[in-house]
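Undergrad:
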Amino acid sequence: MSKPAARGPSNANSKDGEICPVCKSSRYLNKHMKFLINPECYHKMCESCVDRIFSHGPAPCPIAGCKRTLRKVKFREQRFEDLKVEREVDIRRRVAAVFDKTEDDFETLRDYNDYLETVEEITWNLILKIDVEATEKKLRQYEAAQKAERNIQAQTYQPDPSLPSDTAQVVLKKSAAQRRAQGNPTGNTPDPASGAGNGQQTEPGLRFKGLKKYVPPPPEAPFDPFDGWAIEPQYYVTQNDYDVEWLTRAINDPLHIGGGYDMRDFYSWALCDAFSGFGVFVEDGKDVEMADVF
Amino acid sequence: MKLTEDDIYRRSTQYLHWSFTAAQLAAQRLKTNIQAAERVKAAVARQRAARALKTETPNASGSENASQNGANTPLPPPDREVDCLTMAEEKRLVDNFCEKALELGDFLKLPIEVTATGVQFMRRFYLLNSPMTYEPNQISRTAIFIASKAEGHHLPVAHYAASLPKTKPEDILAPEYLITQALRFHYEVRHPFRGLKGGHLEMMAMAAGKATLPPNIPQDRDPRALQQAMLELPRRPGGPASAMSEKELEKRITEAYGFASHILKNAALLTDAYFLYTPSHIWLSAHLLADEPLTLLYLSTKCPPSNPMHAKLLTTLRSCAALLSSHHSFHPASQTEEEKAARDKKDQVELKALMKKLRLCRDPDKTNLVKLNQAQKRDAVENGELEENKRKKRKIAREQYEKEADDFFGPSLSKKENENAS
Ligand SMILES: [Zn+2]
Ligand SMILES: [Zn+2]
Numbered sequence: 001m002s003k004p005a006a007r008g009p010s011n012a013n014s015k016d017g018e019i020c021p022v023c024k025s026s027r028y029l030n031k032h033m034k035f036l037i038n039p040e041c042y043h044k045m046c047e048s049c050v051d052r053i054f055s056h057g058p059a060p061c062p063i064a065g066c067k068r069t070l071r072k073v074k075f076r077e078q079r080f081e082d083l084k085v086e087r088e089v090d091i092r093r094r095v096a097a098v099f100d101k102t103e104d105d106f107e108t109l110r111d112y113n114d115y116l117e118t119v120e121e122i123t124w125n126l127i128l129k130i131d132v133e134a135t136e137k138k139l140r141q142y143e144a145a146q147k148a149e150r151n152i153q154a155q156t157y158q159p160d161p162s163l164p165s166d167t168a169q170v171v172l173k174k175s176a177a178q179r180r181a182q183g184n185p186t187g188n189t190p191d192p193a194s195g196a197g198n199g200q201q202t203e204p205g206l207r208f209k210g211l212k213k214y215v216p217p218p219p220e221a222p223f224d225p226f227d228g229w230a231i232e233p234q235y236y237v238t239q240n241d242y243d244v245e246w247l248t249r250a251i252n253d254p255l256h257i258g259g260g261y262d263m264r265d266f267y268s269w270a271l272c273d274a275f276s277g278f279g280v281f282v283e284d285g286k287d288v289e290m291a292d293v294f
Numbered sequence: 001m002k003l004t005e006d007d008i009y010r011r012s013t014q015y016l017h018w019s020f021t022a023a024q025l026a027a028q029r030l031k032t033n034i035q036a037a038e039r040v041k042a043a044v045a046r047q048r049a050a051r052a053l054k055t056e057t058p059n060a061s062g063s064e065n066a067s068q069n070g071a072n073t074p075l076p077p078p079d080r081e082v083d084c085l086t087m088a089e090e091k092r093l094v095d096n097f098c099e100k101a102l103e104l105g106d107f108l109k110l111p112i113e114v115t116a117t118g119v120q121f122m123r124r125f126y127l128l129n130s131p132m133t134y135e136p137n138q139i140s141r142t143a144i145f146i147a148s149k150a151e152g153h154h155l156p157v158a159h160y161a162a163s164l165p166k167t168k169p170e171d172i173l174a175p176e177y178l179i180t181q182a183l184r185f186h187y188e189v190r191h192p193f194r195g196l197k198g199g200h201l202e203m204m205a206m207a208a209g210k211a212t213l214p215p216n217i218p219q220d221r222d223p224r225a226l227q228q229a230m231l232e233l234p235r236r237p238g239g240p241a242s243a244m245s246e247k248e249l250e251k252r253i254t255e256a257y258g259f260a261s262h263i264l265k266n267a268a269l270l271t272d273a274y275f276l277y278t279p280s281h282i283w284l285s286a287h288l289l290a291d292e293p294l295t296l297l298y299l300s301t302k303c304p305p306s307n308p309m310h311a312k313l314l315t316t317l318r319s320c321a322a323l324l325s326s327h328h329s330f331h332p333a334s335q336t337e338e339e340k341a342a343r344d345k346k347d348q349v350e351l352k353a354l355m356k357k358l359r360l361c362r363d364p365d366k367t368n369l370v371k372l373n374q375a376q377k378r379d380a381v382e383n384g385e386l387e388e389n390k391r392k393k394r395k396i397a398r399e400q401y402e403k404e405a406d407d408f409f410g411p412s413l414s415k416k417e418n419e420n421a422s
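In order, the protein sequences belong to chains Y and L. Mapping of the first sequence onto UniProt numbering: residues 1 to 294, in sequence order. Mapping of the second sequence onto UniProt numbering: residues 1 to 422, in sequence order.
(1) Does MET230 (chain L) get closer than 9 Å to chain Y when you measure Cβ to Cβ?
(2) Taking Cβ-Cβ distances shorter than 7 Å, what residues in chain L pair up with TYR142 (chain Y)?
(3) Would you call the CB atoms of PRO136 (chain L) and VAL189 (chain L) closer than 9 Å?
(4) Taking all protein chains shown into account, do 16 or more other C-beta atoms lie within 10 angstroms of the C-beta of LEU255 (chain Y), making it buried, or fewer, making it exposed?
(5) Using the rule of at least 16 other Cβ atoms within 10 Å of the residue's Cβ for burial, across every protein chain shown, is GLU89 (chain L) buried or exposed?
(6) Would SER163 (chain L) be called buried (16 or more neighbouring beta carbons within 10 Å of its own) or exposed?
(7) For the segment 248-276 of chain Y, which residues have a CB atom closer than 8 Å to at least one CB atom of chain L, in sequence order?
(8) Give me whichever residues DSSP pairs with CYS46 (chain Y) in a beta bridge.
(9) May I have a chain-ordered list of the alpha helix (DSSP H) segments no shorter than 4 residues that lie completely inside the segment 155-225 of chain L?
(10) Give me every residue whose Cβ sits closer than 7 Å to any heavy atom of ligand 1, in chain order.
(11) Within the continuous alpha helix (DSSP H) that includes ASN113 (chain Y), where are the two ends?
(12) Can you list, in chain order, the residues of its chain whose CB lies under 6 Å from that of VAL114 (chain L), leaving out five sequence neighbours each side?
(13) Kindly list, in the order they appear in chain L, the residues whose Cβ is closer than 7 Å to that of GLY210 (chain Y).
(14) Going by Cα to Cα distance, which pick from Y:CYS23, Y:GLY57, Y:LYS31, Y:HIS32 is closest to MET45 (chain Y)?
(15) Need the endpoints of the alpha helix (DSSP H) that ILE282 (chain L) sits in, please.
(16) Closer than 8 Å: is that where the CB of LEU36 (chain Y) sits relative to any heavy atom of ligand 2?
(17) So with CB distances below 9 Å, who are the chain Y contacts of ALA243 (chain L)?
(18) Is the beta carbon of PRO175 (chain L) less than 9 Å from the beta carbon of LEU369 (chain L)?
(19) For the alpha helix (DSSP H) containing residue 295 (chain Y), name the first residue and the last one.
(20) On the three-pair Cβ rule with 8 Å, is the segment 191-200 of chain L touching the segment 260-274 of chain L?
(21) For a minimum of 4 consecutive residues, which ranges assigned as the alpha helix (DSSP H) are wholly contained in the segment 97-139 of chain L?
(22) Give me the chain L residues within the contact set of PRO233 (chain Y), using Cβ-Cβ distance strictly less than 8 Å, ordered along the chain.
(23) Measure the C-alpha to C-alpha separation of PHE125 (chain L) and GLY239 (chain L) and round it to an integer number of angstroms.
(24) Note down the Cα distance separating VAL89 (chain Y) from LYS2 (chain L), rounded to an integer number of angstroms.
(25) Does the beta-carbon of SER130 (chain L) have 16 or more other beta-carbons within 10 angstroms, so that it is buried, or is it exposed?
(26) Quick one: any contact between the segment 310-318 of chain L and the segment 221-232 of chain L, if contact means 3 or more CB pairs under 8 Å?
(27) Does any residue of chain Y bring its CB to less than 9 Å from the CB of HIS154 (chain L)?
(28) Classify LEU130 (chain Y): buried if its beta carbon has 16 or more other beta carbons within 10 angstroms, exposed otherwise.
(29) With a cut-off of 9 Å, does the C-beta of HIS200 (chain L) fall near any C-beta of chain Y?
(30) Determine whether the beta carbon atoms of GLN234 (chain Y) and GLU5 (chain L) lie at a separation below 9 Å.
(31) Return helix, strand or coil for ILE130 (chain Y), following the three-state DSSP convention.
(32) With a threshold of 9 Å between beta carbons, is PRO76 (chain L) in contact with chain Y?
(33) Run through DSSP, which three-state label would SER26 (chain Y) get?
(34) Count the other C-beta atoms from every protein chain shown that fall within 10 angstroms of the C-beta of GLN14 (chain L), then say buried if there are 16 or more, exposed otherwise.
(35) Just the C-alpha distance for ALA97 (chain Y) and MET33 (chain Y), rounded to the nearest angstrom, thanks.
(36) Going along the chain, which residues put their C-beta within less than 5 Å of some heavy atom in ligand 2?
And the structure:
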């Protein structure tokens, strides 16, 4: 027959991306077909297959010879045409999230370069699937160690006892959460993957020469709009209420109340005015007093 | 950092720039008086010289011309030294004009804070200027207008001018900048009115036996004992102890408040109290005049006699009270109506003489403030028209500038549109 007609189906067959390896439906029949991958094994399948197989929970990969358990949430669209690149980018991202030191964290540039070398080795081991078990273990150990270090540092912060109880409570809650988070890897862990790390929590794992000690950021002080300044009267104490006839009208005036006017503002204002300058003697001259004011 | 009430006052402009010892105040007034007198004499001499020149050149009869020139401004008869006001006379006049300003505020039904601030502005102004230089009547109207703005009391200038006899808005606005400058842009005046209210609140709380006493002042009294002490207060200093009911005590405190308030609204404003004492001392002094035993008891809860400041405080309050009671608006119970009337009449006569004297020694350069104010602005208008060649010159300069700008940036868009439209 004519060449173009023969080429059509063969073309579709040669590009395996156009036919779902699971249900064999092709883009030729369904224009809107979308292919998804799972970073667990990078096997490609169509969206409707993913919906059908994984909607009810984790299931093994339907591709022959692959027994990995996949979850629906992890499925996503392919970003790179070459799946090898896709995988490498994923691995690099994962490694970079754990090994997040910068040059400033090291004593010397040499130490930093050594660190980068180690990280690159780990990355390539994972990419090339060399010694995966041991490398993965290293990665996890280091991650756990980092987490523990930061949490312990955060925990050593003792809240100022003079702080209002609100803040203190928040700090307590926080440290409780930290304790729980720390307890997880050592105690009974729900994640079987980290089983290898069990009991080895105290083991140092990876160590880098010349790495500076982690210093947690200083805790944020509660916001003070007056920057530490306050008025502390020495001659009077403002009461919450004063029972004087000429005030009753103002106190009960809906215009005052509705506007949110607080009579205590007036009381403290009036009393402050009453004694502002009580201990100031103009006839003494100002120069001596100015010295201790400014 | 902790601030006390006293620190707050020490940071106010009233304390930093407008508080003086009696000696400093007198020295400042003397300086102002001497400078103003010299200016007046110089200005009058200059005017006389100009007039003499005029009378000589047209070769007319000297006496006729002189009277014509002097018709619009009252001038002292020639060839006599100008008789300037003395420092004391100046102060007397300013006090009198302040009193008139107070009456004006009453007449216009302005809140007392506005009038009081205006009066203090006037007093501050005349510390640096003399009534010989600037007419107190003109200044007082504007001072009150500025005060209405400083105190947040909306008073439109047109409305204000209309409520005054023979006054145009320009008359109000002309000396405005002059006064602001003399005030050194310090608009805040700290009055003792609110302080008096605060003290009154506390005394009422004490009378009810519910007062909270400051913790840092050693006190062996509890609120109940304090109330008892108040109930037994003698009616007058040194008198026998009384036994009042709580109602009577409250009435006594309220009466003292009314009396003190009257002093603060009159004598305190019309004397140098604001320059010499702090608002706290002023209201306490007024209260001392109103009810001495009560005030002394109240003071002992703030500053007990064991405190080293106590003696000094009392001396200060007594001298302030003496100043307040020396004012003629204060009438002690000992003074009879006839005595007061006689004193007022004497004051009136003296003031009339002073006013006459002032009219003869005014600085002729500063009579028309509206004109002076206009002259300070750009394009001072002389007889309603700019000088012809000046206007021409300015027009050419403007066109030249516009042309240069157009050459560089291109003609402005709106201008182009306008040209097209026309
Ligand atoms: Zn499919
Ligand atoms: Zn698979």
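Don't be surprised by glycine CBs; every beta carbon is placed ideally from N, CA and C.
TA: Reading off the structure:
(1) No, no contact with chain Y.
(2) Per Cβ cutoff of 7 Å: no residues; TYR142 (chain Y) is ~48 Å from chain L at best.
(3) With respect to VAL189 (chain L), PRO136 (chain L) sits apart: the two C-beta atoms are not nearer than 9 Å.
(4) Residue burial annotation: LEU255 (chain Y) is exposed, with fewer than 16 other C-beta atoms found within 10 angstroms of its C-beta.
(5) Burial call: buried.
(6) With fewer than 16 other beta carbons inside 10 angstroms of its own, SER163 (chain L) counts as exposed.
(7) From the segment 248-276 of chain Y, only TYR267, TRP269, ALA270, LEU271, CYS272, ASP273, ALA274, PHE275, SER276 have a Cβ closer than 8 Å to chain L.
(8) Per DSSP, Y:PHE35.
(9) Positions of the alpha helix (DSSP H) runs, each at least 4 residues long and wholly inside the segment 155-225 of chain L, are given as 157-162, 169-173, 176-182, 193-207 in order along the chain.
(10) Any residue whose Cβ sits closer than 7 Å to a heavy atom of ligand 1 makes the list: Y:CYS20, Y:VAL22, Y:CYS23, Y:SER25, Y:MET45, Y:CYS46, Y:SER48, Y:CYS49.
(11) Per DSSP, the continuous alpha helix (DSSP H) segment holding ASN113 (chain Y) begins and ends at 109-127.
(12) Here the set comprises ALA147, SER148, GLU151, HIS153.
(13) At a C-beta separation below 7 Å, GLY210 (chain Y) has no neighbours in chain L, since its nearest C-beta there lies roughly 44 Å away.
(14) It is Y:CYS23 whose Cα lies nearest to the Cα of MET45 (chain Y).
(15) Where ILE282 (chain L) is concerned, the enclosing alpha helix (DSSP H) stretches over 279-290.
(16) Incorrect: LEU36 (chain Y) has no Cβ contact closer than 8 Å to ligand 2.
(17) Ordered by position in chain Y, no residue passes the 9 Å Cβ test against ALA243 (chain L), which lies about 23 Å from the chain.
(18) In this structure, the beta-carbon distance from PRO175 (chain L) to LEU369 (chain L) falls below 9 Å.
(19) Lying outside 1 to 294, the shown extent of chain Y, residue 295 (chain Y) is not represented and no answer is given.
(20) With the cut-off at 8 Å, the segment 191-200 of chain L and the segment 260-274 of chain L touch.
(21) If one requires a minimum length of 4 residues, the alpha helix (DSSP H) runs lying completely within the segment 97-139 of chain L are 112-128, in chain order.
(22) Proximity of chain L to PRO233 (chain Y) at the Cβ level (cut-off 8 Å) is accounted for by THR4, GLU5, PRO214, in chain order.
(23) Looking at the two C-alpha atoms, the distance is approximately 45 Å.
(24) Spanning the two alpha carbons is a distance of roughly 59 Å.
(25) Classification of SER130 (chain L): buried, given that the 10 Å Cβ count is 16 or more.
(26) No, because fewer than three Cβ pairs between the segment 310-318 of chain L and the segment 221-232 of chain L fall closer than 8 Å, the two stretches do not touch.
(27) With 9 Å as the cut-off, HIS154 (chain L) does not count as an interface residue toward chain Y.
(28) In the sequence on display, residue 130 (chain Y) carries Ile and not Leu. Burial state of ILE130 (chain Y) is exposed, judged by a 10 Å Cβ sphere holding fewer than 16 other Cβ atoms.
(29) Yes, because at least one Cβ of chain Y sits closer than 9 Å to the Cβ of HIS200 (chain L).
(30) The beta carbons of GLN234 (chain Y) and GLU5 (chain L) sit closer together than 9 Å.
(31) Correct three-state label for ILE130 (chain Y): coil.
(32) Interpretation of PRO76 (chain L) is limited by its pLDDT of 48, a score under 50 that renders its predicted location unreliable; the figure taken from the coordinates is listed afterwards. Chain Y, which has no Cβ nearer than 9 Å to the Cβ of PRO76 (chain L), makes this no.
(33) Correct three-state label for SER26 (chain Y): strand.
(34) By the beta-carbon neighbour count (other beta carbons within 10 angstroms, threshold 16), GLN14 (chain L) is buried.
(35) One C-alpha to the other measures close to 33 Å.
(36) Selection output, chain order preserved: Y:CYS41, Y:HIS43, Y:CYS61, Y:ILE63, Y:CYS66.
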